[in-house]
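Counting from 23, one number per residue, gives the positions in the sequence shown under my numbering. Worksheet: one structure, shown below.
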Amino acid sequence: MMLTHEIDPNERTICGHIDKSSRGLPGWQGPYAPAGVAQVKVTDAELARHLAFVAGMGHPCGLEFHADAHLEQHPEYNWQRPLLRDLKANAWITVSAVATSTQAAAGSPGR
Ligand SMILES: [Zn+2]
């Protein structure tokens, strides 16, 4: 965080790490609730010009969520156990609606 020079992912950071916040997100999630960002999509003018964006599954910062470890520390959310899954950090990929020159040359489907 720029103001405090601390690295403290929580409900106030863009990743929305509510699971790491003692405050939770009042009105929506309680303290340490297993909630937050699960996927991201970003574009800029250049990518948008090519009908493209960069996307990632998981927290964009690379931190992973491990359901069993979290529920061990916060058993008040055990009721979510049957549906709660780990959230892995995956590599970012570029998604485009326009075929690359390699795909176009190979006669990819949809062209
Ligand atoms: Zn994060």
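Where is the CB? At the ideal position from N, CA and C, for every residue including glycine. Every value quoted in this text rests on a predicted model; they were computed, and no experiment measured them.
Simplified DSSP state of residue i, which is helix, strand or coil
| i | result |
| --- | --- |
| LYS110 | coil |
| ALA70 | helix |
| ILE36 | coil |
| ALA77 | strand |
Straight-line gap, residue i to residue j (C-alpha atoms, nearest Å)
| i | j | result |
| --- | --- | --- |
| PRO44 | THR65 | Rather than Pro, the amino acid found at residue 44 in this sequence is Ser. Cα to Cα, the separation comes out at about 32 Å. |
| ARG107 | HIS88 | 7 Å |
| TRP101 | ASP90 | 12 Å |
Buried versus exposed, by CB contacts within 10 Å (16 or more), residue i
| i | result |
| --- | --- |
| ASP30 | exposed |
| LEU109 | buried |
| GLU94 | exposed |
| GLU33 | buried |
Nearest residue (CA-CA) to residue i, options the options
| i | options | result |
| --- | --- | --- |
| VAL59 | PRO97, GLY46 and ILE36 | ILE36 |
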